[in-house]
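Top line first, the protein sequences correspond to chains X and V.
For the first sequence, the numbering used here begins at 54 and goes up steadily by one.
For the second sequence, the numbering used here begins at 23 and goes up steadily by one.
Read through the structure below, which is laid out as structure tokens, and then see the notes.
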Amino acid sequence: GESVGLHLPTLSVQEGDNSIINCAYSNSASDYFIWYKQESGKGPQFIIDIRSNMDKRQGQRVTVLLNKTVKHLSLQIAATQPGDSAVYFCAETGGSNYKLTFGKGTLLTVNP
Amino acid sequence: DSGVTQTPKHLITATGQRVTLRCSPRSGDLSVYWYQQSLDQGLQFLIQYYNGEERAKGNILERFSAQQFPDLHSELNLSSLELGDSALYFCASSALAGGPGNIQYFGAGTRLSVL
Numbered sequence: 054g055e056s057v058g059l060h061l062p063t064l065s066v067q068e069g070d071n072s073i074i075n076c077a078y079s080n081s082a083s084d085y086f087i088w089y090k091q092e093s094g095k096g097p098q099f100i101i102d103i104r105s106n107m108d109k110r111q112g113q114r115v116t117v118l119l120n121k122t123v124k125h126l127s128l129q130i131a132a133t134q135p136g137d138s139a140v141y142f143c144a145e146t147g148g149s150n151y152k153l154t155f156g157k158g159t160l161l162t163v164n165p
Numbered sequence: 023d024s025g026v027t028q029t030p031k032h033l034i035t036a037t038g039q040r041v042t043l044r045c046s047p048r049s050g051d052l053s054v055y056w057y058q059q060s061l062d063q064g065l066q067f068l069i070q071y072y073n074g075e076e077r078a079k080g081n082i083l084e085r086f087s088a089q090q091f092p093d094l095h096s097e098l099n100l101s102s103l104e105l106g107d108s109a110l111y112f113c114a115s116s117a118l119a120g121g122p123g124n125i126q127y128f129g130a131g132t133r134l135s136v137l
């Protein structure tokens, strides 16, 4: 069945370094992808999205890369800050079912 | 602040009881979604309403039901509660029914503890 998963459940980086969070998906009909950030005690917060007709999209300090050939997307965070510490989820939707399917999440810890 | 309001923030109840969770979507949003987040299952989609009508259903138990009212706020009813229903319940809203570009914005959640 459809699934969205993450390669790394935890990621620890030094403040100022770049972070890369990876996500694999299995539904070839997926045409829209979203990254969310969830801080402790809060709801998921939208970070950036990308449609399947694109392979890269940039936001403020964040970049999402999409590789449809291998069904993989990544979130790159530049100059990671302590405030970036959170769980990051990728989510995908597509085909006739617009349900958003979430991956299990990656815990990013930024060390000062 | 996402603009999505959920009440209550915390709910403690006993097994067998029934509770109602409330969600007010962002102004102008027609879709409301309910999700359950637990440690072992991650973020699971339960149900979606669009402009008052049920639009999509996920792994929602028969003991759970939801509705969206004319003013577009939504309620999730959980009955015959079991210990395993303890979780965070999130509401999200979006402008459209679905499709690319339809960003879902999440509320802060209701933490349900069943004792």
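Quick reminder that beta carbons are idealized off the backbone N, C-alpha and C, glycines included.
query	result
With 16 as the cutoff for other CB atoms within 10 Å, does residue 47(V) come out buried or exposed?	buried
Would you report the Cα separation of residue 82(X) and residue 59(V), rounded to the nearest angstrom?	25 Å
Counting only C-beta atoms, is residue 135(V) closer than 8 Å to chain A at any point?	The displayed structure is made up of protein chains X and V, and chain A is not among them.
For the beta strand (DSSP E) containing residue 91(V), list its first residue and its last residue.	No beta strand (DSSP E) holds residue 91(V); DSSP gives it neither H nor E.
Residue 129(V) to residue 95(X), Cα distance in whole Å?	8 Å
Does residue 97(X) have its Cβ less than 8 Å from a Cβ in chain V?	yes
Identify whether residue 134(V) lies in helix, strand or coil by the three-state DSSP scheme.	strand
Measuring only the C-alpha atoms, how far is residue 88(V) from residue 96(V)?	7 Å
Taking Cβ positions, are residue 71(V) and residue 126(V) nearer each other than 8 Å?	no
Does the Cβ of residue 152(X) have 16 or more other Cβ atoms within 10 Å, making it buried, or fewer, making it exposed?	buried
With a CB to CB cut of under 7 Å and the five nearest residues on each side skipped, what residues in its chain are close to residue 121(X)?	105
Residue ranges of each beta strand (DSSP E) run of no fewer than 3 residues wholly in the segment 67-123 of chain X, ordered along the chain?	72-78, 83-91, 98-104, 109-111, 115-120
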